[in-house]
Amino acid sequence: MQERSLLEMRGIYKSFPGVKALRNVDFTLCEGEIHALMGENGAGKSTLIKVLTGVHIKDEGNIYIKGHSGPVQIHSPQEAQNLGISTVYQEISLCPNLSVAENIFLGRGKSALVNWRTMNKKAGELLDSLGIAVKPTQQLASCSIAVQQMVAIARAVDMDCSVLILDEPTSSLDESEVAKLFDLMRQLKSRGVGIIFVTHFLDQVYEVCDKITVLRDGQLVGEYEIENLPRVQLVSKMLGKELDDMADIKNDIPVFNDKNKEYVYEASQLCSSEGIKPFNFYIRKGEVNGFTGLLGSGRSECVRAIFGADKVTGGIVRVEGKEVKINKPMDAMKNGIAYLPEDRKRDGIVGDLSVKDNIILALQVKKGFFKPFSKAEANKFAEEYIKLLDIKTASVNTPIKSLSGGNQQKVILGRWLLTHPKYLILDEPTRGIDVGTKVDIQKLVLKLASEGMSITFISSETDEMLRTCSRLLVMRDRKLVGELKGDELTQNNIMNTIAGGERE
Amino acid sequence: MKVQTQTAQKSSFLASIVRRQIFIPIAALLILAIFNFIVDPSFFKITLGHNSEGDPILSGNIISIIDYGSELAILAIGMTLVTAASRGQDISVGAAIAISGSVVLRVLCGTNSHPDTLQAPIIVAFLISCLVAMAFGAFNGTLVSVFKIQPMVATLILFTAGRSIAAWINNNELPVVSDRTFTYFGGYIPGIPIPTPFFIAIACFILTWLALKFTNLGLYVQSVGINEKTSRLNGLNPALIKFVTYVILGLCVAIAGFIKVSRLSTINYSVVAKDIEMDAILAVALGGNSLSGGKFNISASILGAYVIQFLTTTLYKFQVQSDALPAYKAVVVIALVVLSAPIVREKLAALFKKLRSPAKAESKN
Chain A
18 MQERSLLEMR GIYKSFPGVK ALRNVDFTLC EGEIHALMGE NGAGKSTLIK VLTGVHIKDE
78 GNIYIKGHSG PVQIHSPQEA QNLGISTVYQ EISLCPNLSV AENIFLGRGK SALVNWRTMN
138 KKAGELLDSL GIAVKPTQQL ASCSIAVQQM VAIARAVDMD CSVLILDEPT SSLDESEVAK
198 LFDLMRQLKS RGVGIIFVTH FLDQVYEVCD KITVLRDGQL VGEYEIENLP RVQLVSKMLG
258 KELDDMADIK NDIPVFNDKN KEYVYEASQL CSSEGIKPFN FYIRKGEVNG FTGLLGSGRS
318 ECVRAIFGAD KVTGGIVRVE GKEVKINKPM DAMKNGIAYL PEDRKRDGIV GDLSVKDNII
378 LALQVKKGFF KPFSKAEANK FAEEYIKLLD IKTASVNTPI KSLSGGNQQK VILGRWLLTH
438 PKYLILDEPT RGIDVGTKVD IQKLVLKLAS EGMSITFISS ETDEMLRTCS RLLVMRDRKL
498 VGELKGDELT QNNIMNTIAG GERE
Chain B
29 MKVQTQTAQK SSFLASIVRR QIFIPIAALL ILAIFNFIVD PSFFKITLGH NSEGDPILSG
89 NIISIIDYGS ELAILAIGMT LVTAASRGQD ISVGAAIAIS GSVVLRVLCG TNSHPDTLQA
149 PIIVAFLISC LVAMAFGAFN GTLVSVFKIQ PMVATLILFT AGRSIAAWIN NNELPVVSDR
209 TFTYFGGYIP GIPIPTPFFI AIACFILTWL ALKFTNLGLY VQSVGINEKT SRLNGLNPAL
269 IKFVTYVILG LCVAIAGFIK VSRLSTINYS VVAKDIEMDA ILAVALGGNS LSGGKFNISA
329 SILGAYVIQF LTTTLYKFQV QSDALPAYKA VVVIALVVLS APIVREKLAA LFKKLRSPAK
389 AESKN
């Protein structure tokens with residue numbers, strides 16, 4: 018072990034059935050260091066953290082901890098705790114109906130008796146020393162989310178942790194709360210605690226971190242000092258695209274330059290309850306555009322606002338020039354808008370229902386309660402789309418949950434195509450599905466657009482977006498920060514805009 | 029080769045029967061029937077007699093099962109929908125029956141507890157009781173769908189308060205309806221030897237069947253019960269759909285309550301339809317429906333209701349004292365519910381497969 022390091026992970030391997038989640042990953046954390054762990058979805062961040070905290074057992078590799086000679090074995094979160102590794106998750110895992118002091122000391126006393134006065138006094142001292150402005154006797158639920166988060170950190174710190182893992186602690190905090198949290202992190206840093214910070218917000222990484230470790234596809238990309246890694250470089254490392262290989266990505270779709278085509282959908286100052294900054298948006302007939310940005314940048318929230326999936330809190334919407342109100346999904350559907358959600362399992366499928374019912378669902382709801390399709394009609398629709406999209410299913414009556422992910426996705430796609438929308442929103446339609454299906458879906462998007470359908474396409478893979486979209490809207494930190502079209506559509510420009518640098 | 033595929037098909041056919049939802053209540057019914065047939069074949073005897081009014085009536089155990097099982101079967105319809113959509117059960121149906129029955133009495137008798145003539149037409153009394161019961165259903169439905177309270181907790185309120193509301197409606201008196209026509213609904217229509225409740229139950233099944241065939245009730249309820257988020261994104265209003273199922277259950281309660289009042293021309297608020305909510309929930313479970321919502325099969329629930337009544341009648345037949353009845357019932361119910369658990373059924377289906385496969389293995393060798 019190196020002298021100043023608190024924690025070293027060497028050659029970590031972890032695989033799940035069918036997936037190699039981590040391959041030969043190294044990670045080093047030093048004393049008094051805030052270390053950002055970066056990577057897109059599926060890069061292996063959470064697996065690495067779960068290996069470290071004993072939630073998953075590593076397949077291979079060694080973990081060294083300061084003060085322990087030789088590699089340590091971590092089999093459970095409790096063991097990780099005993100080794101001084103504490104985790105604060107995005108979802109606060111404390112008891113909201115207990116007091117702050119009770120939450121700090123819960124489950125740690127060795128005796129069954131509690132000395133309330135001592136406990137509250139100790140908690141008070143701890144909170145004071147960390148500069149957290151809260152009374153120990155206050156009920157946790159009555160504190161703001163930020164304070165709850167800090168109480169969780171205080172609890173972790175008091176358990177003599179030397180390694181503190183913060184897993185997206187800032188995603189539900191506002192700016193001033195984030196600032197408070199950062200103060201706390203800096204204070205812990207000055208005490209010599211090593212902090213692993215997982216976040217999707219680039220600004221925050223550059224504000225508070227000392228080092229960055231980037232993972233991609235389960236492999237280590239590298240460890241960098243913060244000053245040696247400009248934002249654009251970081252984005253390029255996360256996405257796995259070198260800045261200069263833009264030349265080989267050819268934009269082979271016909272440039273969409275029909276400026277005379279009418280707007281199918283237009284929104285101004287649209288915003289929703291999910292905290293996106295008001296944005297303007299339009300799409301023309303037959304156009305394919307897309308929202309891009311890192312995960313958590315608000316691209317999904319934008320399209321959810323368009324579809325009325327989240328509570329719309331403001332903005333003016335026009336469909337084909339006419340002003341309309343879209344407050345709930347049904348309003349959007351009536352205006353010819355369709356939306357394939359990002360989280361297929363949570364928002365897309367109705368697991369126990371058959372493929373047939375899943376295909377006809379949206380159209381059936383649109384048609385009305387008293388007008389059910391006959392069995393023959395439903396079967397006809399289902400078979401038509403099973404054939405059109407080449408869905409692999411035993412029969413139309415097979416429950417959709419027994420299909421593979423890609424085929425489930427096609428069923429949902431079929432469901433929305435069946436409603437013959439004017440405007441189709443596809444949020445990550447290609448996530449987690451095989452390459453062949455991905456290409457099929459891209460081809461289909463282009464074909465539908467050539468037939469006059471307007472499509473918004475979101476994908477984590479920039480290649481895909483470049484291949485299909487003629488205009489890209491770039492999001493950063495829940496704000497629309499740029500628009501790229503025509504010749505501007507290059508990897509370089511996208512990454513620059515995401516990172517917030519100047520366009521080349 | 030051919031033989032092998034045939035046996036494979038046969039076993040998978042058998043396995044598929046076991047996996048079919050309606051298999052459980054049918055199997056339970058068969059077991060009960062066979063048991064009774066072996067012990068005492070006279071159980072199935074039906075005789076034609078005359079009642080005190082001189083009208084022909086059929087009597088026998090089977091007749092009493094289809095007669096007294098009716099209320100439960102009607103309730104099972106509503107309970108199945110509520111369970112499927114809201115992933116929970118309404119435990120206030122017994123108390124709600126007391127309320128709607130009390131309303132019937134109040135309308136028919138006015139403030140006089142033993143009037144010689146009806147104070148209002150029977151149909152009016154029935155319709156008003158329907159409205160009241162549906163309003164209480166709407167109350168439960170609002171708590172569940174708008175305030176998102178756990179169904180059992182939400183309906184606990186009416187469960188606790190319902191019977192005293194019923195007593196209060198009639199100033200804590202027990203009016204008796206003296207009109208003879210009124211007894212037809214819970215008894216016999218002159219000239220027809222089959223008990224009327226059975227016809228009412230059949231009418232309810234037919235209505236439900238039509239509703240499921242000519243509306244999207246089934247698709248919407250299942251979709252909301254399985255995945256609320258997806259349902260909303262497909263244009264449904266999950267709260268409204270849950271609410272509607274509670275109102276439908278309210279209607280079922282009114283019909284069941286009406287039959288109950290008609291049987292005796294009066295009701296005792298504190299004992300009428302006692303514990304019927306538990307039997308109704310059990311009927312849903314016996315029908316193989318998941319009590320945590322989602323897919324449902326109403327015919328199976330209805331069959332489940334008759335299985336429960338069959339069981340009750342069988343136990344009476346063996347002169348089990350009415351106090352001890354629940355204990356016996358519990359034993360049988362545990363057996364049935366364990367048998368109907370998906371995990372056991374999967375095992376059974378696998379067992380059938382295994383029974384076939386040794387033969388297959390031998391023929392290979």
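First to last, the sequence lines map onto chains A and B.
Under the numbering used here, the first residue of the first sequence carries the number 18, and numbering increases by one thereafter.
Under the numbering used here, the first residue of the second sequence carries the number 29, and numbering increases by one thereafter.
Ideal Cβ placement from N, Cα and C applies to all residues, glycine included.
Contacts with chain A at 8 Å (Cβ-Cβ) do not include F51/B. In the DSSP assignment, T154/A falls outside any alpha helix (DSSP H), carrying neither H nor E. If you keep only unbroken alpha helix (DSSP H) runs of at least 4 residues inside the segment 219-285 of chain B, you get 224-242, 245-254, 256-261. For L378/A, the nearest beta carbon of chain B is closer than 8 Å to its own beta carbon.
Residue pairing by DSSP places M26/A opposite F44/A, I80/A in a beta bridge. Rounded to the nearest whole angstrom, the CA to CA distance from V359/B to K288/B is 28 Å.
Close partners of R291/B in chain A (Cβ separation under 8 Å) are lacking, with about 36 Å as the shortest Cβ gap.
Cβ proximity to chain B below 7 Å picks out P346, M347, M350, Y356, P358 from the segment 342-361 of chain A. In the DSSP assignment, M512/A falls within the unbroken alpha helix (DSSP H) covering 508-516.
The criterion of a C-beta distance shorter than 8 Å is not satisfied by T258/B and V372/A. Here the alpha carbon of I90/B sits roughly 29 Å from the alpha carbon of Q117/B.
DSSP places A284/A within a strand segment (E or B) once states are collapsed to three.
The beta-bridge partner set that DSSP reports for T104/A consists of I182/A.
Check the Cα spacing between L251/A and each of G303/A, I376/A, T230/A: the tightest is with T230/A. Counting only Cβ-Cβ distances below 9 Å, P295/A has no contacts in chain B at all, with the closest Cβ about 23 Å away.
Residues of the segment 375-401 of chain A whose Cβ lies closer than 7 Å to any Cβ of chain B, in chain order: L378, A379, Q381, V382, K383, F386, F387, P389. Take K73/B, set aside five residues on each side of it, and the residues of its chain with a beta-carbon closer than 6 Å to its own are G88, in chain order. Against chain B, the beta carbon of A326/A has neighbours under 7 Å at L261, listed in chain order. For W196/B, the number of other beta carbons within 10 angstroms of its own is below 16, and it is reported as exposed. Within the segment 204-240 of chain A, the complete alpha helix (DSSP H) segments of 4 residues or longer fall at 219-225, listed in chain order. Here the alpha carbons of L483/A and K502/A stand approximately 10 Å from one another.
Secondary structure within the segment 48-122 of chain B: the alpha helix (DSSP H) runs of 4 or more consecutive residues, fully enclosed, are 51-67, 89-96, 98-114 (chain order). Annotation: L331/B to M350/A spans about 40 Å, alpha carbon to alpha carbon. When secondary structure is reduced to three states using DSSP, P416/A falls in the strand class. Three or more Cβ pairs closer than 8 Å define a contact, and the segment 146-156 of chain B falls short of that threshold against the segment 305-315 of chain B.
For the segment 229-254 of chain B, residues whose beta-carbon sits nearer than 8 Å to a beta-carbon of chain A comprise K241, F242, T243, N244, L245, L247, Y248, Q250, S251, I254. Under the three-state reduction of DSSP, M162/B is assigned to helix. Cβ neighbours of I193/B within its own chain (closer than 7 Å, five residues either side excluded): I127. Taking 8 Å as the cut-off, the Cβ atoms of V168/A and I121/A count as close.
With respect to A282/B, A161/B sits close: the two C-beta atoms are nearer than 8 Å. DSSP places D191/A outside any beta strand (DSSP E), giving it a letter other than H or E. For T258/B, the closest Cβ of chain A is nearer than 8 Å. Here I170/A has V105 as same chain residues with Cβ atoms under 6 Å from its own Cβ, once five neighbours each way along the sequence are excluded. Distance between T64/A and I93/B, taken at the CA atoms: about 60 Å. With the rule of 3 Cβ pairs closer than 8 Å, the segment 391-400 of chain A does not count as touching the segment 240-250 of chain B. Nearest C-alpha to K31/A among L23/A, I66/A, R21/A: I66/A.
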